[in-house]
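Position 39, counted from 1, in the sequence shown is what this note's numbering calls 780; the numbers after and before it change by one each time, with no gaps.
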Amino acid sequence: MVFHSLFSRVLALATVSSVLASLPTSTVYQSPAELPFENIAVRASGQLLLTSVYSPILYSLDASSGVLTNLVTVGNGSTALLGISEYQKDVFAVVASQFDATTDTEIGGTVQIWSVDLTGSSPAATKVSSLPSTVIGANGLSAIFGSNTIFVADSGSGTVFSVNMASGAFTSAVQATALEPVGSLLGINGLKVSSDGTTLFYTNSAVGTFGSIPIPPPSRINAGTALNSQAITVLGDLEDGAATSAHLFDDFALDSKARPCMGPGSSFTETDDIVGDAADYNVLVVPTSCAFGRTSSDQQTLYVTTDGGAVVAVDTSSV
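Given below as structure tokens:
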């Protein structure tokens, strides 16, 4: 299926065989220890916030200098940080958990939602809520900016939780077959709320789909309003083969024109373009997440994190 109308020009991770053109890339940072980065958020200041499933530290990366700093440790005994999203100005929601590296799952009963406030002179991390002990796949997270409502994807059960960041109350907003995992492949993974707060976009890694779920108006104010599973719409899917552990959608970003950019696979591509020259595409081996810059100088720069500990800048100005 080709992405419909608004999404007809899509950046997505697919195989290198789809190379038709190239977009310039540059490595902003490479972890000496190849610490896998899981997710990324961008502050209004331009600083990049990075999480890893192998560390409870929220990292800050200066995109202009390439200097990485340890910003704050999140979670009481957590060993992993996953999804992250800004819900109030310079205040971020983060998924924290204990992670079992042998099974690549979270340990039941350890998944928590934390708030990281960066508005003061020093970062302040505060626990907001604990998700049910049955949750072992809390993954993507996205907020309705300017509210206290966030959505968290549980890749292991095909569920989206709604969490109120003020009260800590949470509910299962929607669970559906279209969001479920298949075998060992994760189900619903990446999440992004549209800028107007009316639509929740998602990826399902197991079946290789990109879709949307309408957000009813009450959900923009309080956690607790269910999302309509019957209104889930599949907007597109992997165009070059079935999803596998090495070729699937993960996290994604929406650009200023509401075009989604997804991952991972073996490279980062658009229907017209591949990011990186064919000769050195391995600069984006196993990309995990992406986000656009927010300053006047990098609004058309897509920052991509990888499982090998790299942060790569992609110039999308020609797209």
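By construction, the Cβ of each residue, glycine as well, lies at the ideal position given by its N, Cα and C atoms.
Quick caveat: nothing in here was measured; it's all calculated off a predicted structure.
Bridge-paired residues (DSSP) for residue i
i: Asn945; result: Ile929, Thr950
i: Ser1030; result: Thr1046
i: Asp978; result: Thr950
i: Ile891; result: Ala884, Val904
i: Tyr800; result: Leu791, Asn811
i: Ala717; result: Nothing about residue 717 can be reported from this structure: the residues present for the chain run from 742 to 1060 only.
i: Glu865; result: Correcting the residue type first, residue 865 is Ala in the shown sequence and not Glu. Partner(s): Asp858.
i: Phe911; result: Val904
i: Ser870; result: Ile854
i: Ala984; result: Ala984 is not bridged to any residue.
i: Val923; result: Leu926
Beta carbon proximity, residue i to chain D, threshold 9 angstroms
i: Val1052; result: Protein chain content of the structure displayed is limited to a single chain, and chain D is not contained in it.
Residue nearest to residue i in terms of C-alpha spacing, selected from the options
i: Asn780; options: Ala972, Val1027, Ser1038; result: Val1027
i: Leu976; options: Asp1039, Ala994, Thr1042, Phe942; result: Phe942
i: Pro959; options: Asp992, Phe990, Leu926, Ser903; result: Ser903
i: Val794; options: Ala842, Ala785, Val783; result: Ala842
i: Ala914; options: Val923, Ile891, Pro922; result: Ile891
i: Val722; options: Val901, Leu809, Val923; result: No information on residue 722 is available, as it lies outside the stretch 742 to 1060 that the chain covers here.
i: Ile854; options: Thr844, Arg1035, Ser908, Ser1038; result: Ser908
i: Asn889; options: Val1060, Met906, Ser862, Ser936; result: Met906
i: Ile765; options: Pro955, Leu1043, Gly1049; result: Note that residue 765 is Pro in the sequence shown here, rather than Ile. Measuring from the Cα of Pro765, the nearest candidate turns out to be Leu1043.
i: Thr939; options: Phe886, Ser871, Leu791; result: Phe886
i: Leu809; options: Ser896, Ser1059, Gln771, Phe1033; result: Gln771
i: Asp727; options: Asp1039, Pro955, Leu926, Ile954; result: Residue 727 falls outside the range modelled here, since the chain spans only 742 to 1060, and no answer is possible.
i: Val857; options: Leu799, Thr900, Val876, Asn811; result: Leu799
i: Val934; options: Ala919, Glu921, Ile954; result: Ile954
i: Ser871; options: Phe911, Val901, Ala884, Leu995; result: Phe911
i: Val893; options: Asn811, Asp978, Tyr828; result: Tyr828
i: Ser874; options: Ser786, Pro797, Ser898, Thr1057; result: Ser898
i: Phe778; options: Thr792, Ser1037, Ala785, Ser767; result: Thr792
i: Asn969; options: Leu812, Leu920, Ala774; result: Leu920
Where residue i sits in the DSSP three-state scheme
i: Pro959; result: helix
i: Val1053; result: strand
i: Leu859; result: coil
i: Thr768; result: strand
i: Ser1038; result: coil
i: Ala1019; result: Interpretation of Ala1019 is limited by its pLDDT of 41, a score under 50 that renders its predicted location unreliable; no figure is taken from the coordinates.
i: Leu776; result: coil
i: Ser970; result: helix
i: Thr918; result: helix
i: Phe1060; result: The sequence as given places Val at residue 1060; Phe does not occur at that position. Three-state result, Val1060: coil.
i: Ser898; result: coil
i: Val934; result: strand
i: Thr940; result: strand
i: Thr1012; result: For Thr1012, the pLDDT reaches just 32, beneath the cut-off of 50, and the residue's location in the model is therefore unreliable, although a value from the coordinates is still provided. DSSP places Thr1012 in coil when its eight states are reduced to three.
i: Arg750; result: For Arg750, the pLDDT reaches just 27, beneath the cut-off of 50, and the residue's location in the model is therefore unreliable, leaving the point undetermined.
Query raised in the report: Just checking, does the stretch 837-853 make contact with the stretch 806-825 on the three C-beta pairs under 8 angstroms criterion?
Result: yes
Requested in this report: Tell me, please, whether the stretch 839-849 touches the stretch 861-870 by the rule of three or more beta-carbon pairs shorter than 8 angstroms.
Outcome: no
**Report entry** the stretch 922-934 touching the stretch 877-884, judged by at least three CB pairs closer than 8 angstroms
**Finding:** yes
Query raised in the report: Which ranges would you report for the beta strand (DSSP E) in the stretch 803-855 if only whole runs of at least 3 residues count?
Result: 808-814, 821-829, 832-838
Query raised in the report: Do the stretch 822-834 and the stretch 805-812 make contact, defined as three or more Cβ pairs closer than 8 angstroms?
Result: no
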